[in-house]
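Here the sequence shown is numbered in this note's numbering, starting from 256 and rising by one per residue. For reference, the structure is listed below as structure tokens.
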Amino acid sequence: PAEHQLAYYGNQRRIKGKRGKALQRRRSELTERTFAHICETGGARRTWLQGLENVNKRYLIHVAARNLGLVMRQAIGVGTPRSLQKEGIRPFCADLTLRVVINSLTRKWIPEFPLAFRFGNVFASRTRFQISAVAW
Numbered sequence: 256p257a258e259h260q261l262a263y264y265g266n267q268r269r270i271k272g273k274r275g276k277a278l279q280r281r282r283s284e285l286t287e288r289t290f291a292h293i294c295e296t297g298g299a300r301r302t303w304l305q306g307l308e309n310v311n312k313r314y315l316i317h318v319a320a321r322n323l324g325l326v327m328r329q330a331i332g333v334g335t336p337r338s339l340q341k342e343g344i345r346p347f348c349a350d351l352t353l354r355v356v357i358n359s360l361t362r363k364w365i366p367e368f369p370l371a372f373r374f375g376n377v378f379a380s381r382t383r384f385q386i387s388a389v390a391w
């Protein structure tokens, strides 16, 4: 159809421009590097699990661990538990900081759950199903 052709040529024109190339470089820098770290360095390219659902769960946990490392690095300057031990940060301070980070993240996500109410660190829906936000 004509509208698809118009969109195609418009995208081609935008990609070839100076701004389009700069955006593509930035996109490649941010996303490609992240996927490279997760898949190659992190070892997520190969797995011994069977079934798409199990592989997806494994990949999701792998990505969540990487993101948690980035959050820890921003919050306390250390990205791995071993680094925490090496730095000599007291466990109480690390525990407190981690709780603050997790609480701030859960507060950010709560508006996405319309049936959930917040009670401290516990989510409770109208069906009496409770999930602890932090397993302490």
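We put the beta carbon where it would ideally sit given N, CA and C, even for glycine.
For my contact list, V326 and V356 are in at a C-beta cut-off of 8 Å; report their separation, rounded to the angstrom. Here residue 326 is taken as the residue at index 71 of the sequence shown, counted from 1. Here residue 356 is taken as the residue at index 101 of the sequence shown, counted from 1. That belief holds up - the Cβ atoms of V326 and V356 are roughly 6 Å apart, short of 8 Å.
Among E308, T302, I293, the one whose alpha carbon lies nearest that of A319: If you number the sequence shown from 1, residue 319 lands on position 64. The residue with the shortest Cα to Cα distance from A319 is I293.
Could you tell me how far apart the beta carbons of L217 and R313 are, in whole angstroms, since I believe they sit closer than 8 Å? Nothing in the structure corresponds to residue 217, since the chain is present only between 256 and 391.
If you reduce the DSSP assignment to three classes, tell me which class V356 lands in. For the purposes of this step, residue 356 is taken as residue 101 along the sequence shown, with counting starting at 1. Here V356 sits in helix by DSSP.
DSSP on Q302, reduced to helix/strand/coil? Looking up residue 302 in the sequence shown gives position 47. A quick correction: the sequence has Thr, not Gln, at residue 302. Coil, per DSSP.
Ignoring anything shorter than 4 residues or poking outside the segment 258-290, list the alpha helix (DSSP H) runs there in chain order. 273-282
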